[in-house]
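Q:
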Amino acid sequence: MNINGKNGLACLLYIEPSAKAIEIQPLPHTYVVKDLIPDLTNFYNHYKAIEPWLKRKEPKAKGQKEFLQSKDDRAKLDGMYECILCACCMTSCPSYWWNPEYYLGPAVLMQAYRWVA
35 MNINGKNGLA CLLYIEPSAK AIEIQPLPHT YVVKDLIPDL TNFYNHYKAI
85 EPWLKRKEPK AKGQKEFLQS KDDRAKLDGM YECILCACCM TSCPSYWWNP
135 EYYLGPAVLM QAYRWVA
């Protein structure tokens, strides 16, 4: 949500104690479903479009139950798993404001990079 003009997670955003009223609004540049709840359908459709799941080049060997990840492989993903898809960056991005149907937005592009890096 947008608190005092800044996008952020209400559960994590520190609000300085003050006599001044706190202004709370839904995420900007989104349709509002109800009260402070934005419609993130477009955001999640973009996310789904990048097919954010693992795809193996070779199938599992017979009897193999899972694919184990090495520590080196996991280290390559550091910095890309911290995104929780809250859409705060998307709604702060002017490129997304102007082309919401075509520009995927920062969160989705970062998630896509995670799969090709």
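The sequence shown stops at residue 151 when you use our numbering, and every number in between is there. Heads up, the beta-carbon is just placed ideally off N, CA and C, and yes, glycines get one too.
(1) How long is the line joining the alpha carbons of Leu47 and Pro93, rounded to whole angstroms?
(2) Return helix, strand or coil for Lys105, following the three-state DSSP convention.
(3) What does DSSP give as the partner residues of Ile71 in its beta bridges?
(4) If you reduce the DSSP assignment to three classes, tell me which class Gln145 lands in.
(5) What residue range does the alpha helix (DSSP H) around Pro128 cover?
(6) Expressed to the nearest angstrom, what Euclidean distance is found between the alpha-carbon atoms of Ile37 and Ile58?
(7) Just to confirm before moving on: does the CB-CB distance between Trp131 and His80 stay below 8 angstroms?
(8) Between the alpha carbons of Ala109 and Ala151, how many angstroms are there, rounded?
A: Reading off the structure:
(1) Distance between Leu47 and Pro93, taken at the CA atoms: about 44 angstroms.
(2) helix
(3) Looking at the DSSP output, Ile71 sits in a beta bridge with Lys68.
(4) helix
(5) Bounds of the alpha helix (DSSP H) holding Pro128 are Pro128 to Trp132.
(6) 5 angstroms
(7) no
(8) Rounded to whole angstroms, Ala109 and Ala151 show a C-alpha spacing of 12 angstroms.
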